[in-house]
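Positions in the sequence shown are counted from 1; adding 264 to them yields my numbering.
Glycine is no exception: its CB is placed at the ideal position from the N, C-alpha and C atoms.
Everything below concerns the one structure shown next.
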Amino acid sequence: MTAHERILDPCAPRLTDPDTWSAFGAQWNSGEQRNLHCCAVLDETHDVKSFWFTCPDFRALSFEPGQFITISPVIAGQTLARCYTLSSSPTRPFTFSITVKRVPGGPVSNWLHDNLRAGDTLRGSGPAGSFTPIGHPARKLLYLSAGSGVTPLMSMTRASVDLGADLDITFVHSARTPSDIIFNAELTRMQTLSPGLRVLNLCEGQGAHSDWPHPLGRLDLALLARWVPDFMEREVFICGPGGYMAGVNALLQEAGFDFQHFHQESFDISRLDEETLEEVAPVADQQADTFTVTLSRSGKSFSMSGQQTVLAAAKKAGAIVPSSCSQGVCGTCKTALLQGTVDMQHKGGIRQREIDKGLRLLCCSKPTSDLVIDL
């Protein structure tokens with residue numbers, strides 16, 4: 265008997281409150297680093313692995329389904345930070361997992377696939393992120409994912425099944441071929457155990473599966489309306505590559521969907537492990553303002569355009585700055601601004617009390633004066 269089957273014993277009580285998620289809270293501070301002990305590595309597909317961890321220095325990890333952590337492996341003598349969504353359920357807090365797709369040329373994903381083994385330890389911080397059903401009570405949910413964007417929605421699904429929650433969930437996942445469907449067997453099993461869960465897979469091509477019985481192609485409005493006739497009544501959560509999310513946004517706008525009930529991951533997961541992750545600084549206009557940035561610890565200074573982010577300019581100047589999402593979400597590049605002012609357009613990766621203390625996210629900050637930063 266599997267763990268899910270034990271939890272879904274017909275004699276067990278069922279939760280009927282649609283605000284099922286209110287029991288969880290993110291108590292691991294997003295700026296706090298901990299040692300992560302890898303206890304298992306599982307192959308999900310030919311290019312996707314799940315890495316399971318425990319934290320030796322505390323008993324349990326508290327997080328909200330859909331949140332991510334930031335890991336910081338040391339690769340070739342350099343610490344590289346990357347965000348990965350937790351794919352495990354917060355209902356099982358003593359072990360937790362990230363699920364990583366190997367990205368061609370991606371330094372961190374390839375290192376994880378080739379080097380991280382059970383028994384190894386690396387540093388991590390988190391959890392963080394606002395892409396979570398907590399605070400959005402609804403009984404009818406629609407999960408839309410593509411590729412490795414399945415991971416936060418898998419965490420949500422695992423949590424609802426573990427809790428025996430009385431939720432109506434339709435989970436539509438898009439993949440390149442049937443062989444690329446992540447968590448296919450587990451989702452199929454959970455569907456048989458949970459009467460409120462319906463899983464649908466859409467593949468662009470059949471690959472080696474000549475007997476694939478389901479539709480091929482990409483998600484469009486006609487197919488969504490046929491598969492999920494009541495999609496307009498559901499709370500929608502979506503995660504996937506930027507192009508996929510833009511396409512779903514467009515088809516929901518065409519349908520007249522109420523976007524107050526729409527939630528998407530706020531960073532493009534397809535970019536998180538690219539070699540050229542940090543934004544490429546634009547060529548400065550000759551008329552644009554330029555500013556001097558001084559690094560307080562090294563005393564090094566460099567000039568930059570007001571159209572660049574401080575992170576991009578600092579890295580171009582050779583400064584070592586921890587960073588991950590480069591989109592104002594994860595908080596990895598949080599640094600004290602000792603002098604000067606910036607225009608910071610973040611997406612939730614920093615709290616107001618941290619801003620009040622003088623911290624800034626360099627990835628989404630553009631200078632409005634000369635700066636001195638704590639690097």
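Nearest neighbour of residue i, chosen from the options [CA to CA]
| i | options | result |
| --- | --- | --- |
| Phe447 | Ser352, Arg366, His527 | Ser352 |
| Ala581 | Lys598, Gly563, Val593 | Gly563 |
| Arg298 | Pro329, Gly388, Ile362, Ala576 | Gly388 |
| Gly341 | Trp316, Val312, Trp375, Cys347 | Trp375 |
| Cys347 | His610, Val606, Pro586 | Pro586 |
| Pro397 | Asp384, Leu575, Pro416 | Pro416 |
| Met454 | Lys579, Val492, Ala486, Asp426 | Asp426 |
| Thr605 | Thr573, Leu464, Ser588 | Thr573 |
| Leu451 | Gly471, Arg440, Val414 | Val414 |
| Cys319 | Ala345, Thr355, Ser361 | Ser361 |
| Ala345 | Glu518, Asp430, Gly595 | Gly595 |
| Leu461 | Leu485, Ile433, Phe555 | Ile433 |
| Val463 | Arg440, Trp491, Asp430 | Trp491 |
| Ser412 | Tyr508, Leu488, Thr599 | Tyr508 |
| Gln470 | Ile339, Ala449, Phe555, Thr441 | Thr441 |
| Asp553 | Val372, Leu300, Pro631, Leu601 | Pro631 |
Cβ pair residue i, residue j closer than 8 Å
| i | j | result |
| --- | --- | --- |
| Gly370 | Thr334 | no |
| Phe501 | His527 | yes |
| Phe332 | Thr349 | yes |
| Thr603 | Leu559 | What sits at residue 603 in the sequence shown is Gln, not Thr. For Gln603 and Leu559, no; Cβs fall outside 8 Å. |
| Leu625 | Ile637 | no |
| Gly654 | Val593 | Since the first residue of the chain shown is 265 and the last is 639, residue 654 is not available in this structure. |
| Ala236 | Gly504 | Past the edges of the chain, shown from 265 to 639, lies residue 236, and the structure says nothing about it. |
| Met608 | Ser629 | yes |
| Gly330 | Ser419 | yes |
| Thr309 | Asp444 | yes |
| His478 | Glu499 | no |
| Val364 | Phe395 | no |
| Glu518 | Leu485 | yes |
For residue j and residue i, believed in contact at Cβ under 8 Å, the rounded distance
| i | j | result |
| --- | --- | --- |
| Leu386 | Ser438 | Rounded, the Cβ-Cβ distance is 31 Å, inconsistent with contact. |
| Leu405 | Val436 | That belief does not hold up - the Cβ atoms of Leu405 and Val436 are roughly 11 Å apart, past 8 Å. |
| Thr343 | Cys303 | 22 Å between Cβ atoms; not a contact. |
| Val312 | Arg381 | No, Val312 and Arg381 are not in contact; Cβ-Cβ is about 17 Å, not under 8 Å. |
| Thr325 | Pro357 | First, the residue type needs correcting, since residue 325 is Leu and not Thr in the sequence shown. Yes, they are in contact, since the Cβ atoms of Leu325 and Pro357 sit about 5 Å apart, within 8 Å. |
Buried or exposed (CB count within 10 angstroms, at least 16 for buried), residue i
| i | result |
| --- | --- |
| Arg422 | buried |
| Cys627 | buried |
| Ser565 | exposed |
| Gly481 | exposed |
| Leu541 | With a pLDDT of 38 at Leu541, under the threshold of 50, the predicted position of this residue should be treated as unreliable, though the coordinate-derived value follows. Buried, because 16 or more other Cβ atoms sit within 10 Å of the Cβ of Leu541. |
| Gly622 | exposed |
| Gln591 | buried |
| Val367 | buried |
| Leu639 | buried |
| Asp307 | exposed |
| Gly506 | exposed |
| Asp620 | exposed |
| Pro459 | exposed |
| Ala287 | Reliability fails at Ala287, whose pLDDT of 47 lies under 50, so the model's placement of it is uncertain and the value that follows must be treated cautiously. Exposed, because fewer than 16 other Cβ atoms sit within 10 Å of the Cβ of Ala287. |
| Ala578 | buried |
| Met354 | Residue 354 is actually Pro in this sequence, not Met. When all chains shown are included, Pro354 counts as buried. |
N-terminal and C-terminal residue of the beta strand (DSSP E) that residue i is part of
| i | result |
| --- | --- |
| Ile433 | 432–439 |
| Trp476 | No beta strand (DSSP E) holds Trp476; DSSP gives it neither H nor E. |
| Met568 | 565–569 |
| Val414 | Element bounds for Val414: not the beta strand (DSSP E) but the alpha helix (DSSP H), 414–426. |
| Leu559 | 554–559 |
| Ala392 | 385–392 |
Limits of the alpha helix (DSSP H) - the one that residue i falls within
| i | result |
| --- | --- |
| His377 | 371–379 |
| Lys580 | 574–580 |
| Asp620 | 616–620 |
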